[in-house]
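S.K.:
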Amino acid sequence: MTAVLDIHGLTRRFGSVLANDDVSLTVRPGQVVGLLGHNGAGKTTLVSQVVGLLRPDAGTISVAGVDAVADPAAARRGVALQAQAQAPIDGLTPRSAITIAGRLRGLSRRDAAAAAERLADELDIGEWSDRRATPDGGGLSGGVRRLTSFAMAAAAPAPLVVLDEPTNDVDAARRRRLWDTVRRLGDQGCGVLLVTHNVVEAERVVDELVILDRGRVVAAGTPAQLRGTTDRELRLELSLHPGGGDPSIDTAPAGVTMTRRVRNGRRVLLTITADDATGAVAWADVLRREDRIDGYALAPVTLEDSYLAATSAPPTQDEPAADLTASTTPELIDG
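Read in order, the letters of the sequence shown are residues 1 to 335 in this note's numbering.
(1) In whole angstroms, what is the alpha-carbon distance linking residue 91 and residue 280?
(2) Only counting the same chain, and skipping five residues up and downstream in sequence, which positions put a Cβ closer than 6 angstroms to that of residue 116?
(3) Straight-line CA distance for residue 210 to residue 160?
(4) Between the C-alpha atoms of residue 197 and residue 296, what's the straight-line distance to the nearest angstrom?
(5) With DSSP as the reference, label residue 314 as helix, strand or coil.
(6) State yes or no: is the C-beta of residue 238 within less than 8 angstroms of the C-beta of residue 301?
(7) Measure the C-alpha to C-alpha separation of residue 36 and residue 168 and round it to an integer number of angstroms.
(8) Are the stretch 242-262 and the stretch 200-214 in contact at 8 angstroms, needing three or more beta carbon pairs?
(9) Nearest-angstrom Cα distance between residue 17 and residue 304?
(10) Put residue 164 into one of helix, strand or coil per three-state DSSP.
(11) Taking 8 angstroms as the threshold (C-beta atoms), are residue 192 and residue 32 in contact?
(12) Three Cβ pairs or more, each shorter than 8 angstroms: is that satisfied between the stretch 55-67 and the stretch 220-229?
(13) Using C-beta distances below 8 angstroms, list every residue in its chain close to residue 54, excluding the 5 sequence neighbours before and after it, in chain order.
(14) Could you give the distance in angstroms between the alpha-carbon of residue 71 and the alpha-carbon of residue 51?
(15) Grouping DSSP H, G and I as helix and E and B as strand, with all else coil, what is residue 149?
(16) Pop quiz: residue 213 and residue 311 are said to be a contact at Cβ under 8 angstroms. What is the actual Cβ separation, rounded to whole angstroms?
(17) If you draw a straight line from the C-alpha of residue 250 to the C-alpha of residue 195, how long is it?
(18) Looking at the unbroken beta strand (DSSP E) that takes in residue 295, where does it start and where does it end?
(19) How would you label residue 41, buried or exposed, when you count the other beta carbons within 10 angstroms and need 16 or more for buried?
(20) Residue 19: buried (16+ other C-beta within 10 angstroms of its C-beta) or exposed?
(21) Leaving aside the five residues before and after residue 153 along the sequence, list all residues of the same chain whose C-beta is less than 7 angstroms from its C-beta, in chain order.
(22) Between the beta-carbon of residue 263 and the beta-carbon of residue 246, is there less than 8 angstroms?
(23) Whose C-alpha, out of 22, 148 and 241, is nearest the C-alpha of residue 170?
(24) Look at the Cβ atom of residue 119, then the Cβ atom of residue 68, and state whether they are nearer than 8 angstroms.
(25) Using three-state DSSP, classify residue 59 as helix, strand or coil.
(26) Tell me the start and end of each unbroken beta strand (DSSP E) in the stretch 234-311 that is at least 3 residues and wholly inside, in chain order.
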C-alpha cells in the first residue's frame, strides 16, 4: 500500500541545536500514527517540514507521492493540517469557519454546511456554532476555538491529516469525542499523523507510535510492541513525599523481581510479575505505614511506562530527587 507520508533521514538544525536527527517514519492510508514526545522533542519542527514551512537540512519527505522538499506547494495540497497554534478565526463563528475550510478543500456549499453541522454535533459544540469569535479573545473559549480548528481540518480531509496537539485546552468529555473523530478519519481511509504528548489518551486511537526524544526516534511500533510486556506483568506505582527520598533504591522487596524501574518526579513505576504482586504490595504497605511514601497503587502495565523509560536519561550520581510539581522530566533508574 502506497504511503501518504514517507519520511527518511530527516535532519534539521537551528544553529547548534539538532531539532530533528535522522528521523524516519511512514503513515499509510487508514492508519493513525502517533508522534509522541516531551515538549521540545522536535515534533512541531517535523510537522513544519512536512507542510513546507521549513526546509530540511537533509533527508526526504513524500506526501501522497509528491516530493515535499522539491515542491512543497504541491505536497501541501495533500495535507489537512491543524497547527499547534490556534486558527485565526476572529470575526467568524465556528459554523462559518468550518464551512469555509470545507469549501476551500473542494466541498460544495451544501456538503460543507453539512460537514460543519455533523462535526459540531460530534464534538458537542453546537451551542457555540453561531457565536462569533472576537479579536480580544472573547466570544469563544480556548477549548471551543481548539475544537473548531480541529473540525476545520476534519471537514474535508485530505489524504494526510496532521493534527498537532489537537486536545490542548479541550475539556475531558470533549477530548473523548475528538479522539473518536480521529479514529473515524482513519477508518474512512485517511492517513493521520497525530502529534501529542498525551500518551494515555493517544493509546486509545493509534495504530502505531513513533517516540521522539531530543530530536531522535527512540522507539517505534504498535502500542503492544512498545509496552514490551506480557499479560502477566503489572505496574506498582509508589508516590513519594515532596522532597523526600526514594526508598525503592535501597530497600528491595524480598523475593520480588523488578524487570523495570522508572522514576518520574515523585512517581516511581516498578514493573513486576503477577506472581510477585502479593509480596510487592505487602512491601509497599510497610513503606506507607512507616511514612516513607505517600501511597502506592497496583495496576496493569501501560504504554506510559514504556514511554517514560524510552525518553529517560540515567540520573547523575549527585542529582537530587525531582519534584513532580516543579518538573516532569523522568529519570530511568537502573534496576
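The beta carbon of each residue, even a glycine, is placed where N, CA and C say it ideally should be.
M.R.: Taking the structure as given:
(1) Against the sequence shown, residue 91 aligns to sequence position 91. Against the sequence shown, residue 280 aligns to sequence position 280. Answer to the nearest angstrom: the Cα atoms are 58 angstroms apart.
(2) As a working mapping, residue 116 is identified with position 116 in the sequence shown. So the qualifying residues of the chain are 95, 98 and 99.
(3) In the sequence shown, residue 210 corresponds to position 210, counting from 1. In the sequence shown, residue 160 corresponds to position 160, counting from 1. Looking at the two C-alpha atoms, the distance is approximately 17 angstroms.
(4) Mapped onto the sequence shown, residue 197 falls at position 197. Mapped onto the sequence shown, residue 296 falls at position 296. Residue 197 and residue 296 have their C-alpha atoms spaced approximately 25 angstroms apart.
(5) Along the sequence shown, one-based indexing puts residue 314 at 314. Low local confidence applies: a pLDDT of 44 at residue 314 is under 50, so the model's placement there is unreliable, with the coordinate-based value given in what follows. Here residue 314 sits in coil by DSSP.
(6) Along the sequence shown, read from residue 1 onward, the residue named residue 238 stands at position 238. Along the sequence shown, read from residue 1 onward, the residue named residue 301 stands at position 301. Contact: no.
(7) Indexing the sequence shown from 1 puts residue 36 at position 36. Indexing the sequence shown from 1 puts residue 168 at position 168. In a straight line, the C-alpha of residue 36 is about 14 angstroms away from that of residue 168.
(8) Touching, no.
(9) On the sequence shown, residue 17 is found 17 positions in, with the first residue counted as 1. On the sequence shown, residue 304 is found 304 positions in, with the first residue counted as 1. Approximately 27 angstroms, taken between the alpha carbons.
(10) On the sequence shown, position 164 is the one that residue 164 refers to. Look at residue 164 here: in three-state DSSP terms it is strand.
(11) Translated into positions along the sequence shown, residue 32 becomes position 32. Translated into positions along the sequence shown, residue 192 becomes position 192. Taking 8 angstroms as the Cβ cut-off, residue 32 and residue 192 qualify as a contacting pair.
(12) Contact fails: fewer than three Cβ-Cβ distances are below 8 angstroms.
(13) In the sequence shown, counting from the first residue as 1, residue 54 sits at position 54. Scanning its chain for C-beta atoms nearer than 8 angstroms, with the 5 sequence neighbours on each side dropped, one finds around residue 54 the residues 12, 45 and 48, in chain order.
(14) Position 71 of the sequence shown, counted from the start, is the residue given in the question as residue 71. Position 51 of the sequence shown, counted from the start, is the residue given in the question as residue 51. The alpha-carbon separation between residue 71 and residue 51 amounts to approximately 10 angstroms.
(15) By one-based count along the sequence shown, residue 149 stands at place 149. Here DSSP, grouped into helix, strand and coil, assigns residue 149 to helix.
(16) Within the sequence shown, residue 213 is the residue found at index 213, counting from 1. Within the sequence shown, residue 311 is the residue found at index 311, counting from 1. Yes, residue 213 and residue 311 are in contact; Cβ-Cβ is about 4 angstroms, under 8 angstroms.
(17) Taking the sequence shown and counting its residues from 1, one reaches residue 250 at position 250. Taking the sequence shown and counting its residues from 1, one reaches residue 195 at position 195. Take the alpha-carbon of residue 250 and the one of residue 195: they are about 38 angstroms apart.
(18) Translated into positions along the sequence shown, residue 295 becomes position 295. Where residue 295 is concerned, the enclosing beta strand (DSSP E) stretches over 295-300.
(19) For the purposes of this step, residue 41 is taken as the residue at position 41 of the sequence shown. Residue environment: residue 41 is assigned as buried (16 or more neighbouring CB atoms within 10 Å of its CB, all protein chains considered).
(20) Residue 19 sits at position 19 when you count from the first residue of the sequence shown. Residue 19 comes out buried.
(21) Indexing the sequence shown from 1 puts residue 153 at position 153. Taken in chain order, the residues that qualify are 80, 81, 82, 161 and 163.
(22) Taking the first residue of the sequence shown as position 1, residue 263 is located at position 263. Taking the first residue of the sequence shown as position 1, residue 246 is located at position 246. With contacts defined as CB atoms closer than 8 angstroms, residue 263 and residue 246 qualify as a contacting pair.
(23) Taking the sequence shown and counting its residues from 1, one reaches residue 170 at position 170. Closest option to residue 170, Cα to Cα, is 148.
(24) Mapped onto the sequence shown, residue 119 falls at position 119. Mapped onto the sequence shown, residue 68 falls at position 68. No, Cβ-Cβ distance for residue 119 and residue 68 is not below 8 angstroms.
(25) Against the sequence shown, residue 59 aligns to sequence position 59. The answer is strand: DSSP assigns residue 59 an E or B state.
(26) For the stretch 234-311, the continuous beta strand (DSSP E) assignments of 3+ residues that do not extend past its boundaries occur at 258-264, 267-273 and 295-300, in sequence order.
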